[in-house]
């Protein structure tokens with residue numbers, strides 16, 4: 020059964036292959052006939068030209084030879100012909116379009132060519148051959164030149180069929196054109212050129228030698244075995260370079276040219292497709308049988324399940340009741356555990372917030388002495404200015420009084436800024452994050468610690484690029500982080516010769532990078548791993564709770580960023596703060612939380 024299915028499938032695939040080959044054959048034959056039809060009437064027309072007829076009447080006149088050469092060259096260029104030439108009655112070429120080329124036909128005798136013999140006898144000469152002079156293939160049209168009722172010579176047009184051959188090159192089928200002797204002279208596969216598909220008989224070999232159709236080219240034979248498959252398909256088994264290939268053959272005769280056009284379609288794909296059809300059918304039959312077996316087994320299993328269902332239903336119901344009670348108890352325990360965890364998390368958040376607030380209040384306590392000086396000094400100055408203004412007013416010196424009042428206003432504004440920064444720093448922040456200006460937060464932190472910088476004789480160098488850089492954070496909490504880091508840097512450089520602090524901020528892709536570097540002794544290796552732990556401090560008793568860096572670390576983590584510390588090669592310590600870059604969301608840092 021499998022063999023009969025394969026034979027039937029092979030006939031179908033061979034039929035499709037033959038149909039494609041026939042379509043290719045029609046196109047190939049049409050292209051050949053179209054090319055020949057362009058030139059078949061032209062030799063007779065050119066034979067009537069005065070330059071040609073005059074030359075044959077006076078073949079020794081060099082002036083007429085020159086005129087004929089020029090005429091033939093121009094005509095060949097316009098027509099797109101390979102060569103055009105005029106031959107005398109004895110076959111000698113008198114003039115040619117290639118007279119000025121290295122392989123000129125002028126002076127050559129081609130009386131042995133069939134196209135000359137046919138034309139000199141008054142007929143139309145047609146012949147395909149490999150040129151003995153140019154060594155190029157071409158198709159020759161010959162026409163007699165009749166002057167005064169006498170055939171004086173022959174005009175020949177040679178055309179090039181290489182363009183057609185090049186157009187066939189993209190086709191995956193093998194296209195060959197054979198001459199009357201069975202020799203391939205055109206093909207889209209050059210390995211079969213000038214080779215016969217069957218050994219030449221004595222007559223074919225003699226005619227090929229006499230006409231010198233292929234000049235000095237050696238004519239070989241393709242090792243081929245012809246056969247016929249079921250359904251009337253002609254097959255050709257050819258061997259080339261040690262590889263056997265089977266082709267399905269489609270051919271047509273071009274009787275007027277004496278040619279046979281053949282299209283050879285490889286059958287490997289068709290045979291493989293037929294095998295796939297057989298495999299698919301066998302798999303289908305197997306699947307049907309397997310499906311039947313599955314149905315039988317399923318029915319048997321269904322019967323067994325129905326029998327077991329009655330016995331197990333009561334037991335399942337009991338188990339459902341038991342599991343329901345267990346699940347209810349587990350669910351209650353889980354709910355209680357979840358509630359406890361939620362309460363614990365809330366307490367942890369509250370504790371963290373209280374620690375943050377305690378850290379800020381502790382910092383305010385440490386700043387209280389310096390802040391007292393910051394307020395007392397402008398208050399004393401304002402009092403002096405006020406007393407002086409009263410004296411000036413009594414004397415009628417209004418301008419001097421106004422100048423003193425202006426100084427008083429400046430002092431009040433300065434104390435207002437300090438008070439506003441302290442109020443923002445001390446209050447509890449909201450949890451919502453938004454775009455915060457780095458420059459504004461840095462300026463407010465710098466204002467808060469201005470007394471400490473002046474007291475320590477330190478200099479804070481700030482570089483922000485771009486100046487409008489914003490990060491996703493809370494302004495008050497970010498300000499607290501910077502205050503903690505700056506305070507820590509001032510403590511570290513207390514005994515250092517170089518007390519400069521470098522604070523830089525720049526954009527790095529989607530992140531913003533804030534770096535604070537000091538010139539202190541750096542962070543010991545044994546401290547690096549614990550520096551952000553709660554209540555860990557290297558300062559003496561009474562100089563801190565060890566919460567500042569831990570609080571800063573957790574604040575930055577809440578922002579979705581990271582806080583790291585490292586010892587740069589040039590010395591000191593460097594804290595690196597990475598936050599998500601953002602667009603400005605509020606006009607100032609004070610309103611950010």
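Residue numbers (my numbering): 20 to 612.
Backbone N, C-alpha and C define an ideal beta-carbon position, used for all residues, glycine too.
Model, not experiment: these values are computed from the prediction.
query	result
For residue 309, which three-state DSSP category applies?	helix
I'd like to check one pair, residue 481 with residue 522: are the Cβ atoms closer than 8 Å?	yes
Going by Cα to Cα distance, which pick from 504, 119, 491, 208 is closest to residue 531?	491
So within the segment 270-301, which uninterrupted beta strand (DSSP E) runs reach at least 3 residues, ignoring any that extend past its ends?	278-285
If you run the structure through DSSP and keep just helix, strand and coil, what is residue 365?	helix
Given this structure, state the Cα-to-Cα distance separating residue 514 from residue 402, to the nearest angstrom.	38 Å
Kindly list the residues whose CB is nearer than 6 Å to the CB of residue 498, restricted to its own chain and excluding five residues on each side of it in sequence; keep chain order.	460, 463, 464
Is DSSP giving residue 227 helix, strand or coil here?	helix
Counting along the chain, where does the beta strand (DSSP E) carrying residue 613 start and finish?	Beyond the ends of the chain as shown, which are 20 and 612, falls residue 613; an answer cannot be given.
Using 10 angstroms around the beta-carbon of residue 305, count the other beta-carbons present and answer buried if the total reaches 16, otherwise exposed.	exposed
Going by Cα to Cα distance, which pick from 527, 198, 596 is closest to residue 580?	596
In terms of DSSP beta bridges, what is residue 524 paired with?	483, 533
Please identify the residue among 296, 524, 344 whose C-alpha is closest to the C-alpha of residue 24.	296
Which residue from 518, 404, 192, 216 puts its Cα closest to that of residue 203?	216
Can you tell which of 327, 265, 342, 592 has the C-alpha that lies nearest to the C-alpha of residue 291?	265
Rounded to whole angstroms, what's the CA-CA distance from residue 363 to residue 575? Just pull it up for me.	22 Å
With DSSP run on the structure shown, which of helix, strand or coil describes residue 176?	strand
Kindly indicate the opening and closing residues of the beta strand (DSSP E) around residue 238.	Taken as a continuous stretch (DSSP letters only), residue 238 belongs to no beta strand (DSSP E), as it is neither H nor E.
Where does residue 452 fall in DSSP's three states?	coil
Which residues in the same chain have their Cβ closer than 7 Å to the Cβ of residue 117, if we skip the five residues on either side of it in sequence?	102, 123, 124
Residue 106: which of 421, 152, 164 sits nearest, CA to CA?	164
Taking the C-alpha atoms as reference points, what is the distance between residue 593 and residue 413?	60 Å
Leaving out five residues before and five after residue 243 in sequence, what residues of the same chain have Cβ atoms less than 6 Å from its Cβ?	216, 255, 257
Out of 109, 111, 241, point me to the one whose CA is closest to residue 261's CA.	241
Between the segment 298-315 and the segment 225-236, can you find at least three pairs of beta-carbon atoms closer than 8 Å?	no
Are there 16 or more other CB atoms within 10 angstroms of the CB of residue 537, so buried, or fewer, so exposed?	buried
Going by DSSP, name the residue or residues bridged to residue 492.	453
When burial is assigned at 16 or more other CB atoms within 10 Å of the CB, is residue 92 buried or exposed?	buried
Three-state secondary structure (DSSP) at residue 419?	helix
So, residue 100 versus residue 155, is the Cβ gap smaller than 8 Å?	no
I'd like to confirm the pairing. Which residues does DSSP put opposite residue 196 in its beta bridges?	205, 280
What does the Cβ neighbour count give for residue 598, buried or exposed, with the cut at 16 atoms within 10 Å?	buried
Short of 7 Å in beta carbon distance, which residues of its chain neighbour residue 39, apart from the five on each side in sequence? Order them along the chain.	284
Indicate whether residue 270 and residue 180 have their beta-carbon atoms separated by less than 8 Å.	no
Can you list, in chain order, the residues of its chain with a C-beta nearer than 8 Å to that of residue 148? Leave out the 5 residues immediately preceding and following it.	132, 156, 157, 159, 230, 231, 232, 233, 234
From residue 505 to residue 583, what does the alpha carbon distance come to, in whole angstroms?	15 Å
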